[in-house]
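K.L.:
One structure, as structure tokens, below. Some questions next.
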Amino acid sequence: MTVDREGFQAEMEKQRERARNARQDVGSMQVQGGALGDIKVESTFVGYENLTAETRIIELLQNGELVSEAHEGDTVQILLDETPFYAESGGQVADKGTLKSAEAIIEIKDVKKKAKRSACP
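Under full-length UniProt numbering, residues 1 to 121 are what the sequence shown spells out, in order.
Take a look at the structure:
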């Protein structure tokens with residue numbers, strides 16, 4: 001058995017570059033600046049105990065800015081008071097699902113952690 005150390009190092013550097021680029025993605029919840037970085041309230045993860053939860057929206061962001069409402073077709077980031085949605089972490093894929101109210105059904109496509117909070121972009 002042989003080990004291609006040079007090939008491994010080249011591929012490892014490519015992966016490091018991909019990871020750096022992903023962290024700098026402006027749409028990423030990992031970016032700490034802007035309105036998202038200013039939010040001080042926390043979301044509580046309840047997904048280990050419950051697969052569903054009655055909760056409320058604490059903050060709503062669109063294009064990095066706080067907004068008071070969203071419309072059909074909008075892409076937004078939602079910070080919930082409590083969330084059963086598991087955020088991407090340690091290689092574990094984030095949950096997907098729906099938020100439902102009397103007025104709307106919202107598709108959750110991804111969940112990211114930020115400063116001890118979970119947010120649904």
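Even for Gly, the Cβ is constructed at its ideal location relative to N, Cα and C.
Owing to the predicted nature of the structure, the values given are computational and were not obtained by experimental measurement.
#1: Expressed to the nearest angstrom, what Euclidean distance is found between the alpha-carbon atoms of Val26 and Leu60?
#2: For Gly7, name the three-state secondary structure that DSSP assigns.
#3: From which residue to which residue does the beta strand (DSSP E) around Glu107 run?
#4: Among residues of its own chain, excluding the 5 on either side of Val67, which ones have a beta-carbon nearer than 6 angstroms to its beta-carbon?
#5: Which term fits residue 176, buried or exposed, when burial requires 16 or more other beta carbons within 10 angstroms of its beta carbon?
#6: Can you grab the Cα-Cα spacing for the pair Phe8 / Ala94, in whole Å?
#7: How long is the line joining the alpha carbons of Asp4 and Lys14, rounded to whole angstroms?
#8: Under the rule that 16 or more other beta-carbon atoms within 10 Å means buried, what is Thr83, buried or exposed?
#9: Determine the closest residue to Asp74 out of Ala10, Val41, Thr55 and Lys109, with distance taken between C-alpha atoms.
#10: Could you tell me how far apart the beta carbons of Leu79 and Ile58 are, in whole angstroms, since I believe they sit closer than 8 angstroms?
P.N.:
According to the structure shown:
#1: Residue confidence is low: Val26 scores 45 on pLDDT, short of 50, so the model does not pin down where it sits. No coordinate-derived value is stated.
#2: Per DSSP, reduced to three states, the secondary structure at Gly7 is helical.
#3: Element bounds for Glu107: Ile105 to Ile108.
#4: The beta carbon of Val67 sits closer than 6 angstroms to the beta carbons of Leu60 from its chain, once the five residues preceding and following it are set aside; these are given in chain order.
#5: Lying outside 1 to 121, the shown extent of the chain, residue 176 is not represented and no answer is given.
#6: Taking C-alpha positions only, Phe8 is separated from Ala94 by approximately 28 angstroms.
#7: Asp4 and Lys14 have their C-alpha atoms some 16 angstroms from each other.
#8: In the assembly as shown, Thr83 is a buried residue. Its beta-carbon has 16 or more other beta-carbons within 10 Å.
#9: Of the candidates Ala10, Val41, Thr55 and Lys109, the one whose C-alpha sits nearest the C-alpha of Asp74 is Lys109.
#10: Ile58 and Leu79 do touch by the CB rule: their CB atoms are close to 5 angstroms apart, below 8 angstroms.
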